[in-house]
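Enquirer: The structure's right below; bear with me while I get my questions together.
2 protein chains.
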Amino acid sequence: MRALVFDDGLKVMDAPIPERGIGQALIRVTFAGICNTDVEVTRGYFAYKGIMGHEFVGVVEDADDTDLVGRRVVGEINISCGECSTCRSGNIRHCERIRAMGINGWPGCFADYVVLPESNVHAVPDSITDLQAVFVEPLAAAIEVMEQVHMRPTDRVAVIGDGKLGLLTAQAIHAYGHRVILLGKHLEKLGIARKTGVDVSLVSDFAGTVDVAVDCTGNPSGMETAMSIVRPKGTIVMKSTFQKGAPMNLTPIVRNEITCIGSRCGPFPPALRLLELGAVDTRGLIEKIYPADQMARAFEKACTRGSMKVLIDFTR
Amino acid sequence: MRALVFDDGLKVMDAPIPERGIGQALIRVTFAGICNTDVEVTRGYFAYKGIMGHEFVGVVEDADDTDLVGRRVVGEINISCGECSTCRSGNIRHCERIRAMGINGWPGCFADYVVLPESNVHAVPDSITDLQAVFVEPLAAAIEVMEQVHMRPTDRVAVIGDGKLGLLTAQAIHAYGHRVILLGKHLEKLGIARKTGVDVSLVSDFAGTVDVAVDCTGNPSGMETAMSIVRPKGTIVMKSTFQKGAPMNLTPIVRNEITCIGSRCGPFPPALRLLELGAVDTRGLIEKIYPADQMARAFEKACTRGSMKVLIDFTR
Numbered sequence: 574m575r576a577l578v579f580d581d582g583l584k585v586m587d588a589p590i591p592e593r594g595i596g597q598a599l600i601r602v603t604f605a606g607i608c609n610t611d612v613e614v615t616r617g618y619f620a621y622k623g624i625m626g627h628e629f630v631g632v633v634e635d636a637d638d639t640d641l642v643g644r645r646v647v648g649e650i651n652i653s654c655g656e657c658s659t660c661r662s663g664n665i666r667h668c669e670r671i672r673a674m675g676i677n678g679w680p681g682c683f684a685d686y687v688v689l690p691e692s693n694v695h696a697v698p699d700s701i702t703d704l705q706a707v708f709v710e711p712l713a714a715a716i717e718v719m720e721q722v723h724m725r726p727t728d729r730v731a732v733i734g735d736g737k738l739g740l741l742t743a744q745a746i747h748a749y750g751h752r753v754i755l756l757g758k759h760l761e762k763l764g765i766a767r768k769t770g771v772d773v774s775l776v777s778d779f780a781g782t783v784d785v786a787v788d789c790t791g792n793p794s795g796m797e798t799a800m801s802i803v804r805p806k807g808t809i810v811m812k813s814t815f816q817k818g819a820p821m822n823l824t825p826i827v828r829n830e831i832t833c834i835g836s837r838c839g840p841f842p843p844a845l846r847l848l849e850l851g852a853v854d855t856r857g858l859i860e861k862i863y864p865a866d867q868m869a870r871a872f873e874k875a876c877t878r879g880s881m882k883v884l885i886d887f888t889r
Numbered sequence: 574m575r576a577l578v579f580d581d582g583l584k585v586m587d588a589p590i591p592e593r594g595i596g597q598a599l600i601r602v603t604f605a606g607i608c609n610t611d612v613e614v615t616r617g618y619f620a621y622k623g624i625m626g627h628e629f630v631g632v633v634e635d636a637d638d639t640d641l642v643g644r645r646v647v648g649e650i651n652i653s654c655g656e657c658s659t660c661r662s663g664n665i666r667h668c669e670r671i672r673a674m675g676i677n678g679w680p681g682c683f684a685d686y687v688v689l690p691e692s693n694v695h696a697v698p699d700s701i702t703d704l705q706a707v708f709v710e711p712l713a714a715a716i717e718v719m720e721q722v723h724m725r726p727t728d729r730v731a732v733i734g735d736g737k738l739g740l741l742t743a744q745a746i747h748a749y750g751h752r753v754i755l756l757g758k759h760l761e762k763l764g765i766a767r768k769t770g771v772d773v774s775l776v777s778d779f780a781g782t783v784d785v786a787v788d789c790t791g792n793p794s795g796m797e798t799a800m801s802i803v804r805p806k807g808t809i810v811m812k813s814t815f816q817k818g819a820p821m822n823l824t825p826i827v828r829n830e831i832t833c834i835g836s837r838c839g840p841f842p843p844a845l846r847l848l849e850l851g852a853v854d855t856r857g858l859i860e861k862i863y864p865a866d867q868m869a870r871a872f873e874k875a876c877t878r879g880s881m882k883v884l885i886d887f888t889r
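Heads up: the protein sequence lines correspond to chains P and L, in order.
If you're matching positions, the first sequence starts at 574 in this note's numbering and goes up one per residue.
If you're matching positions, the second sequence starts at 574 in this note's numbering and goes up one per residue.
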């Protein structure tokens with residue numbers, strides 16, 4: 574099968590179709606999405622070698638659970654042991670022996686086939702298209718913000734960063750009924766958000782304060798902006814990971830008694846629900862779709878600064 | 574009156590006794606304590622000029638509330654307007670026009686007399702000595718941690734930093750019944766904590782994980798230690814302020830979905846209560862007591878790295 578592999582550089586390879594274990598599903602990938610985390614992996618953010626990729630929609634070819642066979646599915650990326658004390662306490666996404674598809678110890682989905690535990694797999698309702706379903710994983714990460722923070726109907730919320738994750742997060746918060754403003758630096762991207770009903774502003778034009786600020790910038794400046802706009806005793810949700818440290822003065826956090834919450838992957842069912850409701854528009858987020866034969870070019874495009882979501886079409 | 578003033582340098586001056594306004598108390602200072610924040614003020618952390626100091630115990634000489642006159646008191650440092658939207662929302666310690674005694678827009682207590690709004694003043698029960706009462710302000714800041722974070726009886730808590738604030742914070746958490754370990758770098762200071770019943774360990778010897786970590790180090794390394802010992806989805810309480818930024822990689826916060834809470838000043842009544850109960854030992858925290866005539870030397874001593882609490886005795 575075709576596969577995009579990272580091993581001291583990125584290579585398109587002919588790899589064997591993986592064999593599924595007991596309780597696992599073999600999935601034929603239809604579409605896969607390239608995430609900034611994938612780009613970070615190739616820059617050494619994790620010590621990962623193997624097939625890349627963790628966002629996909631596909632069809633189950635084989636599984637022990639016969640109900641799954643032939644179903645269109647998406648898959649959660651974290652593979653937990655189910656046995657360590659963290660798993661037993663219910664925090665399975667923070668398993669002590671965690672593996673993550675295409676990131677850490679588990680082959681990814683930039684390939685014609687991928688294997689996942691059946692418990693990671695979610696069936697996709699018919700009303701959701703493949704090009705919507707491929708956004709379930711990042712949309713779930715956006716929804717995680719509301720899983721962690723109690724947003725009150727009276728709260729003002731700001732999402733900082735008008736990249737892919739920022740646009741999804743602002744839409745998700747808007748879909749849950751909250752007053753949200755997306756702060757960015759690119760009028761064109763802010764325009765995409767505005768069409769979905771979200772309030773928008775250039776960061777430099779924003780002078781207000783907010784109760785909750787969500788940093789989706791992917792760089793340290795987002796935290797600086799967040800600290801400058803959140804009210805005393807307010808909340809900052811941190812979505813940005815970056816490989817290197819940056820000079821940062823966290824004194825405003827202490828002085829203003831801010832709560833900061835790190836936020837990573839999220840729950841798939843509410844993401845599927847929002848897409849079913851038509852509450853999130855994913856079309857405007859697609860930069861370009863490449864046939865799988867051009868995976869390397871697709872990845873190159875995704876590495877371009879400011880690129881929106883690049884998809885790989887494995888049906889071609 | 575004698576006063577220690579900061580104005581392009583630290584000076585002992587003969588200043589006029591301040592006049593109290595309506596609803597304010599004129600207090601004769603008995604003892605005052607020097608805090609690391611005072612040291613930071615002289616290093617330009619705030620743009621403050623005037624009489625220094627914010628930790629004291631004294632006796633009310635004059636007030637509109639005649640019940641207060643002659644009472645031994647301590648005083649909260651934040652002076653709020655009571656009118657802005659933050660004050661009206663109940664967050665008076667984060668008033669939009671806040672002033673802070675000896676730090677920001679309000680004369681401090683390193684002087685024979687200080688004036689404070691009567692609402693800032695708390696009477697000291699007879700069973701609490703002056704040398705205990707002078708610790709009420711920093712003890713209140715230690716108690717603020719439990720005001721902000723729900724510590725469960727099953728939680729493991731670590732306080733990082735064996736300086737003055739760390740020793741008080743560990744004792745306060747211990748006094749509230751929680752399992753707490755103080756992590757420090759100085760065997761002698763850890764010994765002081767151990768005598769109060771707190772578990773202790775050298776940072777370098779500690780290999781466990783905790784549910785809650787409280788950084789009282791006053792430098793960026795405390796945050797690094799906190800990130801390395803707190804469990805996924807755990808809580809870091811940030812007590813450290815420092816003037817300059819430091820290179821810091823906050824990715825573990827995001828990856829492990831840690832909650833960080835900045836923490837500053839705290840409530841006085843529970844601090845008075847803990848001292849009344851005899852649940853906190855302050856004797857071991859005193860470095861040296863200087864007569865007021867030697868205020869400048871006292872401040873110099875407090876600036877010495879690793880110094881414990883230096884007190885100024887205004888009865889001499």
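For every residue, glycine included, the Cβ atom is placed at its ideal position computed from N, Cα and C.
#1: Does the Cβ-Cβ distance between L:Ala844 and L:Ala713 come in under 8 Å?
#2: In the structure shown, what three-state DSSP assignment does L:Cys876 receive?
#3: Where does L:Ala766 fall in DSSP's three states?
#4: Tell me whether L:Cys660 sits in a helix, a strand or coil according to DSSP, three-state version.
#5: So the candidates are L:Ile809, L:Ile590 and L:Ile765; which of them puts its Cα closest to the Cα of L:Val785?
#6: In its own chain, which residues sit with a C-beta less than 6 Å from the C-beta of P:Ile600, not counting the 5 before and 5 after it?
#7: Can you have a look at P:Asp581 and say buried or exposed, based on whether 16 or more other CB atoms are within 10 angstroms of its CB?
#8: So, with DSSP's three-state summary, where would you put L:Ser774?
#9: Are the beta-carbon atoms of L:Ser836 and P:Glu628 separated by less than 8 Å?
#10: Given 8 Å as the limit, is there contact between the stretch 761-776 of chain L and the stretch 725-742 of chain L, that is, 3 or more CB pairs closer than that?
#11: Can you give me the C-alpha to C-alpha distance between L:Val753 and L:Pro840, rounded to a whole angstrom?
#12: Please specify which runs of the alpha helix (DSSP H), each continuous and at least 4 residues long, are wholly inside the stretch 631-661 of chain P, giving them in chain order.
#13: Residues of the stretch 644-672 of chain P with a CB closer than 7 Å to any CB of chain L: list them in chain order, please.
#14: Can you check whether the CB of L:Glu656 is closer than 8 Å to the CB of L:Asn693?
#15: Find the nearest neighbour of P:Ala605 within the set P:Ser880, P:Gly879 and P:Ile862, judged by alpha-carbon distance.
#16: As a quick exercise: from L:Glu669, L:Val883, L:Ile885 and L:Arg846, pick the residue whose alpha carbon is nearest that of P:Arg828.
#17: List, in chain order, every chain L residue whose beta-carbon is nearer than 8 Å to that of P:Ala915.
#18: Using the beta-carbon of each residue, which ones in chain L are nearer than 8 Å to P:Asn609?
#19: Is there contact here, the stretch 584-594 of chain L with the stretch 671-688 of chain L, by at least three beta-carbon pairs under 8 Å?
#20: Would the beta-carbon of L:Thr824 fall within 8 Å of that of P:Thr814?
#21: Taking beta-carbon pairs under 9 Å, can you tell me which members of the stretch 795-810 of chain P lie near chain L?
#22: Who are the neighbours of P:Arg752 on chain L, taking C-beta pairs under 9 Å?
#23: Note down the Cα distance separating P:Val718 from L:Met674, rounded to an integer number of angstroms.
#24: Beta-carbon of P:Val827 versus every beta-carbon of chain L: anything under 8 Å?
#25: Rounded to a whole number of angstroms, what is the C-alpha to C-alpha distance between P:Cys838 and P:His667?
#26: Closer than 9 Å by beta-carbon distance: list the chain L residues that pair up with P:Ser692, in chain order.
#27: Assuming L:Gly606 is part of the beta strand (DSSP E), what are its boundary residues?
#28: Since L:Ile701 and L:Ala745 are thought to touch, with beta carbons under 8 Å apart, how far apart are those beta carbons, to the nearest angstrom?
#29: Among the candidates L:Ser801, L:Val803, L:Arg575 and L:Glu797, whose CA atom is the shortest distance from the CA of L:Ala819?
#30: I'd like to know if L:Glu849 contacts chain P, where contact means its C-beta is closer than 8 Å to some C-beta of that chain.
#31: Give every residue of the same chain whose Cβ lies closer than 6 Å to the Cβ of P:Asp611, excluding the five residues on either side of it in the sequence, and list them in chain order.
#32: Alpha helix (DSSP H) containing P:Glu720: first to last residue?
#33: Let me check understanding here. Comparing Cα to Cα, which of L:Phe579, L:Ile595 and L:Thr603 lies closest to L:Tyr618?
#34: Kindly indicate the opening and closing residues of the alpha helix (DSSP H) around L:Asp703.
#35: Within a Cβ cutoff of 8 Å, which residues of the same chain sit near P:Asp635, ignoring the five residues on either side of it in sequence?
Expert: The short version:
#1: By one-based count along the second sequence, residue 844 of chain L stands at place 271. By one-based count along the second sequence, residue 713 of chain L stands at place 140. Against a cut-off of 8 Å, the Cβ pair of L:Ala713 and L:Ala844 comes out as a contact.
#2: Along the second sequence, read from residue 1 onward, the residue named residue 876 of chain L stands at position 303. Correct three-state label for L:Cys876: helix.
#3: Taking the second sequence and counting its residues from 1, the one referred to as residue 766 of chain L is at position 193. When DSSP states are grouped into helix, strand and coil, L:Ala766 belongs to the helix group.
#4: One-based indexing of the second sequence puts residue 660 of chain L at position 87. Taken through DSSP and simplified to helix, strand or coil, L:Cys660 comes out as helix.
#5: Along the second sequence, one-based indexing puts residue 785 of chain L at 212. With distances taken between CA atoms, L:Val785 lies nearest to L:Ile809 out of L:Ile809, L:Ile590 and L:Ile765.
#6: The residue you call residue 600 of chain P lines up with position 27 of the first sequence. Exclusion of the five residues before and after P:Ile600 leaves Gly631, Val633 and Val687 as the residues of its chain whose Cβ lies within less than 6 Å of its Cβ.
#7: On the first sequence, residue 581 of chain P is found 8 positions in, with the first residue counted as 1. Label assigned to P:Asp581: exposed.
#8: If you number the second sequence from 1, residue 774 of chain L lands on position 201. Strand, per DSSP.
#9: The residue labelled residue 836 of chain L in the question sits at position 263 within the second sequence. The residue labelled residue 628 of chain P in the question sits at position 55 within the first sequence. No; because the gap between Cβ atoms is not below 8 Å, this pair is not in contact.
#10: The stretch 761-776 of chain L vs the stretch 725-742 of chain L: in contact.
#11: Taking the second sequence and counting its residues from 1, the one referred to as residue 753 of chain L is at position 180. Taking the second sequence and counting its residues from 1, the one referred to as residue 840 of chain L is at position 267. As the crow flies, the alpha-carbon of L:Val753 is around 21 Å from that of L:Pro840.
#12: Secondary structure within the stretch 631-661 of chain P: the alpha helix (DSSP H) runs of 4 or more consecutive residues, fully enclosed, are 658-661 (chain order).
#13: Shown in chain order are the members of the stretch 644-672 of chain P whose Cβ falls below 7 Å from a Cβ of chain L: Thr659, Asn664 and His667.
#14: What you label residue 693 of chain L is simply residue 120 of the second sequence in a count that begins at 1. What you label residue 656 of chain L is simply residue 83 of the second sequence in a count that begins at 1. No, these two residues do not count as a Cβ contact at 8 Å.
#15: Counting from 1 along the first sequence, the entry for residue 605 of chain P is found at position 32. The residue with the shortest Cα to Cα distance from P:Ala605 is P:Ile862.
#16: The residue given as residue 828 of chain P occupies position 255 in the first sequence. Distance from the Cα of P:Arg828 is smallest, within the candidate group L:Glu669, L:Val883, L:Ile885 and L:Arg846, for L:Glu669.
#17: Residue 915 of chain P falls outside the range modelled here, since chain P spans only 574 to 889, and no answer is possible.
#18: Your numbering for residue 609 of chain P matches position 36 in the first sequence. Ordered by position in chain L, no residue passes the 8 Å Cβ test against P:Asn609, which lies about 13 Å from the chain.
#19: These segments touch.
#20: Here the question's residue 824 of chain L lines up with position 251 in the second sequence. Here the question's residue 814 of chain P lines up with position 241 in the first sequence. The answer is yes: Cβ separation under 8 Å.
#21: Cβ contacts with chain L come from Met796, Arg804, Pro805, Lys806 and Ile809.
#22: Residue 752 of chain P sits at position 179 when you count from the first residue of the first sequence. Below the 9 Å Cβ cutoff, chain L contributes no neighbours of P:Arg752, its closest Cβ being approximately 17 Å away.
#23: If you number the first sequence from 1, residue 718 of chain P lands on position 145. If you number the second sequence from 1, residue 674 of chain L lands on position 101. Roughly 38 Å between the two C-alpha positions.
#24: Mapped onto the first sequence, residue 827 of chain P falls at position 254. Using beta-carbon distances, P:Val827 counts as an interface residue toward chain L, with a partner under 8 Å.
#25: For the purposes of this step, residue 838 of chain P is identified with residue 265 of the first sequence, where counting begins at 1. For the purposes of this step, residue 667 of chain P is identified with residue 94 of the first sequence, where counting begins at 1. CA-to-CA, the gap between P:Cys838 and P:His667 works out to about 10 Å.
#26: Locating residue 692 of chain P in the first sequence gives position 119, where the first residue counts as 1. Residues of chain L passing the Cβ test: none, with the nearest at roughly 20 Å.
#27: Your numbering for residue 606 of chain L matches position 33 in the second sequence. From DSSP, the beta strand (DSSP E) with L:Gly606 extends over Gln597 to Ile607.
#28: In the second sequence, residue 701 of chain L corresponds to position 128, counting from 1. In the second sequence, residue 745 of chain L corresponds to position 172, counting from 1. L:Ile701 to L:Ala745, Cβ: 15 Å. No contact.
#29: In the second sequence, residue 819 of chain L corresponds to position 246, counting from 1. Checked all of L:Ser801, L:Val803, L:Arg575 and L:Glu797; the closest Cα to L:Ala819 is L:Glu797.
#30: Looking up residue 849 of chain L in the second sequence gives position 276. So, not an interface residue.
#31: Working through the first sequence from its first residue, we reach residue 611 of chain P at position 38. Residues Met625 of the same chain have their beta carbon placed closer than 6 Å to that of P:Asp611, with the five preceding and five following residues left out of the count.
#32: The residue given as residue 720 of chain P occupies position 147 in the first sequence. Per DSSP, P:Glu720 belongs to the alpha helix (DSSP H) from Val709 to Gln721.
#33: As a position in the second sequence, residue 618 of chain L is number 45, starting the count at 1. Minimum Cα distance to L:Tyr618 is reached at L:Phe579.
#34: Residue numbering aside, residue 703 of chain L sits at position 130 when the second sequence is read from its first letter. It spans Asp703 to Ala706 - the alpha helix (DSSP H) in which L:Asp703 sits, taken as one unbroken run.
#35: Here residue 635 of chain P refers to the residue found at position 62 of the first sequence. Result list for P:Asp635: Arg593, Ala598, Leu599 and Val642, in chain order.
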